[in-house]
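All the letters of the sequence shown, read from the start, carry residue numbers -24 to -1, 1 to 294 under mature numbering (1 follows the signal peptide of the UniProt record, and there is no 0). Note that CB positions come from ideal geometry on N, CA and C, so glycine has one too. Predicted model only: the values in this text are computed from it and were never measured. Below is one structure, written out as structure tokens, with a few remarks after it.
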Amino acid sequence: MKKQIFAFALTALVVGGSIVPSFADDNTIKDAIQSKPEMIKGLDYNEYAGADAYNNAGDNLNSKFYKAPDFYNMVSDDQITIIPKFKTMQQTTEWSCGNVTALMVLENLGIKGFTEMQLAEMMGSSVDKDVEGAKPGSANNFFEYGTNVKQLYDFFITQKDLKVLETSYIANPKAEDLTSENDGLSTADFGNIKPTFSSSSLYASENSDTTEAWVEDAKDSYFVKWLTGHLKEGRPIMVEWGDWDGHWQAIVGYDNNGTPSIGDDVLVFADPYDTSDHWQDGYYFYPLERWFYMWQDRKVAPKPYQLQPYIIVDTVEN
């Protein structure tokens, strides 16, 4: 979550050639960058921090490890379910992933005019809670940094053009809503709102720890059907997980890879900190099954909001 980027480091990476491919001089990389879909632009609130400070320094058309699918122009087929033409944005601070994730969702729902910092102020993101009237970015203790699912929920319910369809957030949770020693979880998780999804939901048609309704094809699993149901309706799923020690992204696609196994299924994210897949287009992809077991944030989010944080919104007219 907290990671500082310095201009001289970026310069060294570019000049040293350790990231930019050797053919950069012939304008190949420049042309490729210019051909990327237009991203959402905004004010830069910290020149030396945030994903935008990388400024495509990690782009590598010759990457041995990553290729750069054109997610923006993809359409759904028998393998992939994706929200097409989803415009992305890179955060300009080290803590505003929740704000930029919300901004991307708003923009793609046709609700424009918000800025990264305006959303941070409205959500009370990353503020020093010991100082009255503290501004976003002033946080100096754990569980003050970033934005938790309650803050996102509290913002979205104030928007007259939006409705919250689903969320892990529960207002004033009762004892039975919270994890305890009876739930078979780590003691570190006690006191959190119970996870919405059982791990069995990946492999069965039911969302239950005691299910016997196992499926032969992952597309028939409870979780995949839930996931693709929202994506087919054009609804991104905002999730917070352990990436970057605590990070918000929006799930905008799912690919079954043409097999019945869930082990090779892939999620596509709109990622406000897209700096590590050798192509900074605001899209990131990661194995679904592996991601599911990392779907928690114990470093940044406070209890009781650490397990499977998510929120889904739509316009009122839909």
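Inset, instruction - Identify which residue in Ile288, Glu209, Met98, Gln127 has its Cα closest to the Cα of tyrosine 281. - result: Gln127
Legend entry - Member of Gln94, Gln66, Asn117 whose CA lies at the smallest distance from the CA of valine 103: Asn117
Inset, instruction - Going by CA-CA distance only, name the one from Ala115, Thr91, Pro263 that's closest to residue 295. - result: The chain is shown only over -24 to 294; residue 295 falls outside these bounds and no answer can be derived.
Legend entry - Cβ neighbour criterion (16 or more within 10 Å) applied to serine 72: buried
Legend entry - serine 11 versus Asp221, Asn38, Asp46, residue with shortest Cα-Cα distance: Asp46
Inset, instruction - Could you check which residue in Phe199, Asp257, Ala78 has the C-alpha nearest to that of asparagine 232? - result: Phe199
Legend entry - DSSP beta-bridge partners of valine 215: Gln225, Tyr286
Inset, instruction - Would you kindly work out how many angstroms separate the C-alpha atoms of asparagine 31 and isoleucine 9, rounded to a whole number? - result: 10 Å
Inset, instruction - For the alpha helix (DSSP H) holding phenylalanine 41, just list the boundary residues, first then last. - result: Unbroken run through phenylalanine 41: none, as it is neither H nor E.
Legend entry - Assigned exposure category for valine 276 - 16 Cβ within 10 Å defines buried: buried
Inset, instruction - Assign alanine 151 to buried or exposed, taking buried as 16 or more other Cβ atoms, counted over all protein chains shown, within 10 Å of its Cβ. - result: exposed
Inset, instruction - Write down every uninterrupted run of the beta strand (DSSP E) in the region 31 to 111 whose length is 3 residues or greater and which is fully enclosed by it, in chain order. - result: 56 to 58
Legend entry - Contact under 8 Å by Cβ, glutamine 284 with proline 171: yes
Inset, instruction - Take phenylalanine 131 and list the residues in its own chain whose beta-carbon comes closer than 8 Å to its own, dropping the five residues that flank it on each side. - result: Ala78, Leu95, Met98, Met99
Inset, instruction - Determine the direct distance from the alpha carbon of lysine 279 to that of aspartate 106, and round the result to whole angstroms. - result: 18 Å
Inset, instruction - Report the rounded CA-to-CA distance for threonine 69 versus alanine 25, giving the unit in angstroms. - result: 5 Å
Inset, instruction - Report yes if the C-beta distance between threonine 291 and leucine 138 is below 8 Å; otherwise report no. - result: yes
Inset, instruction - Look at the alpha carbon of alanine -1 and the alpha carbon of histidine 254, and state the distance between them as a whole number of angstroms. - result: In this prediction, alanine -1 scores a pLDDT of 47, lower than 50, which makes its location untrustworthy; the coordinate-derived value is nonetheless stated afterwards. Taking the straight line joining both Cα atoms gives about 14 Å.
Legend entry - Close Cβ partners of glutamate 192 (< 7 Å) along its chain, the five nearest in sequence each way excluded: Pro236
Inset, instruction - Kindly indicate which residue of Lys201, Trp271, Glu265, Asp240 has the alpha-carbon position closest to the one of aspartate 221. - result: Trp271
Legend entry - Sheet register partners of glutamate 142 (DSSP bridge): Ile288
Legend entry - Sheet register partners of isoleucine 169 (DSSP bridge): Leu154
Legend entry - C-alpha gap between leucine 85 and glycine 210, whole angstroms: 9 Å
Legend entry - Segment limits, beta strand (DSSP E) that includes valine 191: It is not in any beta strand (DSSP E) - valine 191 carries neither H nor E in the DSSP assignment.
Inset, instruction - Quick one: grab the DSSP three-state call for alanine 27. - result: helix
Legend entry - Whether glutamate 182 touches isoleucine 288 by CB criterion (8 Å): no
Legend entry - Where tyrosine 42 falls, given that 16 or more other Cβ within 10 Å makes a residue buried: exposed
Legend entry - Inter-residue Cα distance where the pair is glutamate 108 and methionine 93: 18 Å
Legend entry - Helix, strand or coil at valine 276 [DSSP, three-state]: coil
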